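Numbering (the numbering used here), first residue to last: 2 to 154.
Backbone N, C-alpha and C fix where the C-beta goes; we use that ideal spot for every residue, glycine too.
All of these numbers come straight from a predicted model, not from anything done at the bench.
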Amino acid sequence: TNSVSGVLADEAATLELGGRLARASGPGLVVHLLGDLGAGKTTFSRGFLQGLGHHGRVKSPTYTLVESYPLADFTVHHFDLYRFADPEEWDDAGFRDLFGPDATCLVEWPDKAGGLLPAADIVLELVPAGNSRTYRLQAITLAGQQCLNRLST
Ligand code: ADP
Ligand code: MG
């Protein structure tokens, strides 16, 4: 499956989609989250983490740029690069080392990192539509396609 799209009627639907994608995924997946402020990127990430059994808080990494969640089987790194300004910070902060086969990375505002960010396996775009949202999940790599296959069965 290359692409899955639909409508998310409310916050619960966004959480549910995040949970379903998480359970269809394996470690090492890179997901880029596109959409304006308030589109639901952090809500989706919260659902993703809850879908992997995380019970604690999921706070927006607006100021910290990344929040990391060591879960039972692998770690999820949740980035918000909205305030990312200095490409040197990418290496200084060791962000590059957070990407690899053992970790899943969810990235809000991927464009802010320019070419520094590892390529996405899946891109999610969220668009406000009245009081709800529309979404489109697009697989970029084979790993992304396999994940969307599991999602839609
Ligand atoms: P972002 O991280 O994209 O800036 P957030 O997830 O922080 O967005 O905030 C999204 C806001 O929209 C929250 O108030 C959330 O409750 C709400 N929301 C999330 N998904 C939906 C949806 N499908 N329909 C309506 N409201 C939603
Ligand atoms: Mg956010």
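Are at least three pairs of beta-carbons, each pair with one atom in the stretch 7-21 and one in the stretch 74-83, less than 8 Å apart? no
What residues does the ligand MG have around it, judged by CB closer than 6 Å to any heavy atom, in chain order? K42, T43, S61, D81, E109
Among the candidates E68, W91, D74, whose CA atom is the shortest distance from the CA of F102? With the sequence shown as reference, residue 102 is identified as Pro, and Phe is not the correct amino acid for it. Ranking E68, W91, D74 by Cα distance to P102 puts D74 first.
Run through DSSP, which three-state label would F100 get? coil
Do you know offhand how far R24's Cα is from G48's? Each residue's Cα considered, the two are about 11 Å apart.
Check whether the Cβ of E68 sits closer than 7 Å to any heavy atom of the ligand ADP, and report yes or no. no
Three-pair Cβ contact test at 8 Å for the stretch 29-36 versus the stretch 122-136: yes
Under DSSP, the alpha helix (DSSP H) around A23 begins and ends at which residues? 12-25
Going by alpha carbons, who is nearest to P111 out of N3, V77, L16, V32? V32
How should D122 be labelled, buried or exposed, when 16 other C-beta atoms within 10 angstroms of its C-beta is the threshold for buried? Classification for D122: buried.
Where does the unbroken beta strand (DSSP E) through L127 begin, and where does it stop? 123-130
Taking the DSSP output, what are the residues bridged to T2? Per DSSP, none; premise fails for T2.
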